[in-house]
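Report on the structure given below.
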Amino acid sequence: MSTSLTDTRSAELYERAQRVLPGGVNSPVRAMKAIGRDPIFVERGEGAELTDVDGNTYVDYVCSWGPLIHGHAHPAIVEAVTAAAADGTTFGAATTGEVDLAELVTQRMPAVDMLRMTSSGTEASMSAIRLARAATGREKLLKFAGAYHGHVDGLLADAGSGLATQGIPSSPGVPVAATANTVVVPWNDEAAVRAAFAAHEFAAVLAEPYPANMGLVPPAAGFLALLRELADDNGALLIFDEVISGFRVGPGGVQELVDVLPDLTVMGKVIGGGLPAAAYGGSVDLMSRIAPAGDVYQAGTLSGNPLAVAAGRVTLELLDDAAYTKLSSTTVALADGLREAAATYPVQVIHTCGLLTVFFSSEPVTDYASATRCDTTAYAAWCRELLARGVYPPASQFETWFPSLAHNSEHLERTLEAACAAFAEVF
Ligand SMILES: *Cc1c(COP(=O)(O)O)cnc(C)c1O
20 MSTSLTDTRS AELYERAQRV LPGGVNSPVR AMKAIGRDPI FVERGEGAEL TDVDGNTYVD
80 YVCSWGPLIH GHAHPAIVEA VTAAAADGTT FGAATTGEVD LAELVTQRMP AVDMLRMTSS
140 GTEASMSAIR LARAATGREK LLKFAGAYHG HVDGLLADAG SGLATQGIPS SPGVPVAATA
200 NTVVVPWNDE AAVRAAFAAH EFAAVLAEPY PANMGLVPPA AGFLALLREL ADDNGALLIF
260 DEVISGFRVG PGGVQELVDV LPDLTVMGKV IGGGLPAAAY GGSVDLMSRI APAGDVYQAG
320 TLSGNPLAVA AGRVTLELLD DAAYTKLSST TVALADGLRE AAATYPVQVI HTCGLLTVFF
380 SSEPVTDYAS ATRCDTTAYA AWCRELLARG VYPPASQFET WFPSLAHNSE HLERTLEAAC
440 AAFAEVF
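Take the working numbering: the final residue in the sequence shown is number 446, and no numbers are missing along the way.
Set out below in structure tokens:
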């Protein structure tokens, strides 16, 4: 028997929300449809814990889908944001804080010497693509099935019928023309990437170096280096979307870990410390094409917003070597514990520092097709059981878990106890 949650106030709010917000939410995954339940309305968060409007408390493994690497309401971040707000929330003018944050980022990310801030990862990837097209004088993009780079029209593309053919829109409202220049190939598929390069002249190949939007599906050995090599040989730029991996898997993102340097890097989530901020960056040469230094137009009313910049600065400053050691050991303890809990079931746990996915399949997951073959119905049932036991997992198997620096051994204990009981209910 599963424990049941009190949900009276969430249910009332959901009624009201559905009348004024499509599906009752402002971003689809929050509706929790993929795990077959109604949304939970959150009242507050503190450290690694969330409390909903009905007073239920959860150990939170979503952490706003990545930004909250220090957990909710970290005192130093709250203080920095509060102080910034007291000085004025936005000026639409240059400030000290944005220069400080840009310096911190360029010190950490090996391939970023200059950057432009935006308010969302979507805008940052859209702008990086514009720059890549301007720099190469080409229009085509290569992307990977199951990768997410924000809701940019041209990137909402599925693979066409054959490999290395143009992408087809994956949402109504996206013009065929918008995806006509996007070629979609399977992740980790060397032959498909080579065939695509043979058939097209790309402006850029765009990749999440550690894809985390089909669940966590690491690159095969040498795959990122191959992308670098093929981009170089064919006059294309390599763009790493490190919106999730940046400042999370290590101070300098995946690019530092694997020593494959992209031409352009897209950043978001952690860089804003829980406020809306993102950025794209690269060499001084490339970034000097951006207006007003250069001729490629891109702008934003709230870009480099003082509150977001203050949160981002403190977030990065708190991420010293000890923080990554701790985040890594927390992730390993969680992953090992979940593996042990799942030992007798067809379940596998994939992890890297600060990221984790529980795939309901015993087959290897190497790309989007194998990720979609997992038993998402069982995952959904397991998630509902976890929620009933005070653990808040991502409400989709295609999203990763985001352990944070606020998760301690007591949180992990509660999580693993709930996970064992939830597995027993599902299988
Ligand atoms: C979240 C995400 C984005 C989009 O960022 P938003 O701030 O939601 O627009 C882009 N790329 C990746 C890899 C992401 O995970």
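Every residue, glycine too, gets a C-beta built ideally from N, C-alpha and C.
- Taking non-hydrogen atoms of ligand 1 into account, the C-beta of S189 is found less than 7 angstroms away from none of them.
- According to DSSP, residue pairing for I258 in a beta bridge involves L225 and L283.
- Of the residues assessed, Y33 falls on the buried side of the cut-off, its CB having 16 or more other CB atoms within 10 angstroms.
- Between the C-alpha atoms of L283 and M136 there is a straight-line separation of about 13 angstroms.
- In the three-state reduction of the DSSP assignment, Y33 falls in the helix class.
- Across the structure, C372 and L294 are spaced so that their CA atoms are roughly 22 angstroms apart.
- When Cβ pairs closer than 8 angstroms are counted between the two stretches, the stretch 132 to 146 is seen not to touch the stretch 352 to 372, the count staying below three.
- As DSSP reads the structure, M133 sits in a beta bridge with G301.
- In the DSSP assignment, L338 falls outside any beta strand (DSSP E), carrying neither H nor E.
- With three or more CB-CB distances shorter than 8 angstroms, the stretch 384 to 403 counts as touching the stretch 235 to 245.
- Contact between A312 and A360 fails: their C-beta atoms lie close to 53 angstroms from each other, not under 8 angstroms.
- S307 and M133 have their alpha carbons spaced roughly 8 angstroms apart.
- Contact between A298 and V124 holds: CB atoms are separated by about 7 angstroms, below the 8 angstroms threshold.
- E209 and L305 have their C-alpha atoms some 28 angstroms from each other.
- No Cβ-Cβ contact shorter than 8 angstroms links G140 with L160.
- Beta-bridge partners assigned by DSSP to V203: K162.
- Taking 7 angstroms as the cut-off, one finds at least one heavy atom of ligand 1 near enough to the beta carbon of D260.
- Here the alpha carbons of T396 and S380 stand approximately 11 angstroms from one another.
- In the three-state reduction of the DSSP assignment, T109 falls in the coil class.
- A distance below 7 angstroms between beta-carbons, with the five flanking residues on each side excluded, links H89 to the following residues of its chain, in chain order: I96, T334, L337, S423, L424 and A425.
- Secondary structure at A443: helix, using DSSP grouped into helix, strand and coil.
- In the three-state reduction of the DSSP assignment, A50 falls in the helix class.
- Counted as a single uninterrupted DSSP element, the alpha helix (DSSP H) harbouring D252 occupies residues F242 to D252.
- Closest in C-alpha terms to A113, from the list E444, G319 and E62, comes G319.
- In its chain, beyond the 5 residues on either side, D172 and L175 have a beta carbon closer than 7 angstroms to the beta carbon of V193.
- Taking all protein chains in view, the Cβ of E418 is crowded by 16 or more other Cβ atoms within 10 Å, so the residue is classified as buried.
- Note on geometry: alpha-carbon atoms of Y167 and F421 lie some 17 angstroms from one another.
- As the crow flies, the alpha-carbon of T385 is around 25 angstroms from that of S190.
- Using a cutoff of 7 angstroms, the CB of Y167 counts as near ligand 1, since one of the ligand's heavy atoms is closer than that.
- With a cut-off of 7 angstroms, the C-beta of N232 is classified as near ligand 1, since at least one heavy atom of the ligand falls inside that distance.
- For G319, the shortest C-beta to heavy atom distance toward ligand 1 is 7 angstroms or greater.
- Membership of I148 in the alpha helix (DSSP H) is indicated by the continuous run G140 to T155.
- Taking every protein chain shown into account, the CB of E122 has fewer than 16 other CB atoms within 10 angstroms, so this residue is exposed.
- For V368, same chain residues with a beta-carbon under 6 angstroms away, outside a window of 5 residues either side, are A354, L357, R358 and V377 in chain order.
- In this structure, the C-beta of I263 approaches ligand 1 to less than 7 angstroms from one of its heavy atoms.
- When DSSP states are grouped into helix, strand and coil, L374 belongs to the strand group.
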